[in-house]
Every structure is written in structure tokens, then in C-alpha cells.
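Asker: If you're matching positions, the sequence shown starts at 321 in this note's numbering and goes up one per residue. Before I ask anything, let me first share the structure, which is written out below as C-alpha cells.
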Amino acid sequence: MTENTYNIRVMRDEDYAQVHKLWKQISGFAMRTLDDSEEGVLRFIHRNPTTSIVAEMDGEIIGTILAGHDGRQASFYHVCVRKDKRNMGIGTAMVTAAMRALNEEHVNKITLVAFRKNEVGNRFWRHVGWKQREDVNVYEFILNEKNISTFNDEVYAPSNTSEK
321 MTENTYNIRV MRDEDYAQVH KLWKQISGFA MRTLDDSEEG VLRFIHRNPT
371 TSIVAEMDGE IIGTILAGHD GRQASFYHVC VRKDKRNMGI GTAMVTAAMR
421 ALNEEHVNKI TLVAFRKNEV GNRFWRHVGW KQREDVNVYE FILNEKNIST
471 FNDEVYAPSN TSEK
């Protein structure tokens, strides 16, 4: 591939090492010890074999979206593009590819969580036409206390979390 040429494709099992390496480089990125382990990510992409996306440039993964659904509604997780490859249309291309894959599976709605302090991510989602909901609260209940969230940059860590 030449400079600034990228490929968008479905995530495969063998991508995990590069995907995990990328996630560790993203400022403010949160990962869970079990869900984002190799076993957890492979379980997710096997359950959703056509909807999780990577962007690749010169044989290196530079962007990801984990996308999965329950038959009615989908969720995006871990949407990111490597910092030095942003503003090249890669994020928009990945989102479009994931949305098309979900549409082919007759999914009509996609949601995602963006931390309030993630200015880059929130600006991106507004720019590509997503609407921020003000009418709902997000709740979680931890079923497995071993599944701990860690943040690459404490600046982005939610201040009201019980996880350390």
C-alpha cells in the first residue's frame, strides 16, 4: 500500500495482537480485564462475525470498531483511529462499513458510549451526524468483579466510578 492508502475490512481472530496494541496507545481509552482480553474479544467477534471492523495501512491496524447486536439494536465499542492517522476519513469509513454490515443484518439502531471528557470522540460523533441523547441515564451492574476497567490516561477516567 502507498502512503495514506488504507483498507477497511472485517476484524479477524489473528488481528487481536495488533488491535490490543493499538488500544493501549489511545489516550483516554478504557479496557476491561476480561472483556478486552483475547478470549473476550474473540468471543465477541465470533458472536458478531461480520460487523466488527478494522482499518489497515501498510499491513498495520490503525483503527477499530467492535460492533455487535441483539437482533434489534447494535452497540459500537472501542471506536478509535491511531492519533497520527486521524482526519484522513478513516473513522468515517469504518463507521460507514460497520453501519452497512449492521443494516444487512436488519438492525435499525446503533448506540455507543463516549466519555464526557473525551472531547475528540464527542466532536467526531457530532461531526458525522450522530445525536447525543439527553433523555436517558446509563446504568451498569458488574456481574464479575474481576472484569475491571483500566484507563490509558486518568484524565478521561470517570470520577464517579467505583472501579479502580
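For every residue, glycine included, the Cβ atom is placed at its ideal position computed from N, Cα and C. Since this is a predicted model, take the numbers as computed values, not measurements.
Within its chain, find whatever has a CB closer than 7 angstroms to the CB of R352; leave out the 5 residues flanking it on each side and keep chain order.
Answerer: Counting only Cβ-Cβ distances below 7 angstroms, and skipping sequence neighbours, we find N467, I468, S469.
Asker: For D335, count the other beta carbons within 10 Å of its own beta carbon; 16 or more makes it buried, fewer makes it exposed. Which is it?
Answerer: buried
Asker: On a Cα-Cα basis, can you pick out the residue from G411, E424, L432 that is closest to F396?
Answerer: Nearest to F396 by C-alpha distance, out of G411, E424, L432, is L432.
Asker: Should M414 and I365 be called a contact, given that it needs their Cβ atoms to be closer than 8 angstroms?
Answerer: M414 places its beta carbon 8 angstroms or farther from that of I365.
Asker: Just to check my reading of the structure: T370 and A421 have Cβ atoms closer than 8 angstroms, yes? What is that Cβ distance to the nearest angstrom?
Answerer: 5 angstroms
Asker: Run through DSSP, which three-state label would L422 get?
Answerer: helix
Asker: With DSSP as the reference, label E483 as helix, strand or coil.
Answerer: Summary for E483: the model assigns pLDDT 44, below 50, so the residue's position carries little reliability; its value from the coordinates is reported in the next sentence. Of the three classes helix, strand and coil, the one that applies to E483 here is coil, per DSSP.
Asker: Which residues mark the beginning and the end of the alpha helix (DSSP H) in which G441 is found?
Answerer: 439-447
Asker: Using the C-alpha atoms, what's the distance from D378 back to K451?
Answerer: 34 angstroms
Asker: Could you round the C-beta distance between N442 and G348 to whole angstroms and report it? I think they count as a contact, below 8 angstroms.
Answerer: No, N442 and G348 are not in contact; Cβ-Cβ is about 11 angstroms, not under 8 angstroms.
Asker: Are the beta-carbon atoms belonging to A387 and N368 less than 8 angstroms from one another?
Answerer: Contact flag set, yes.
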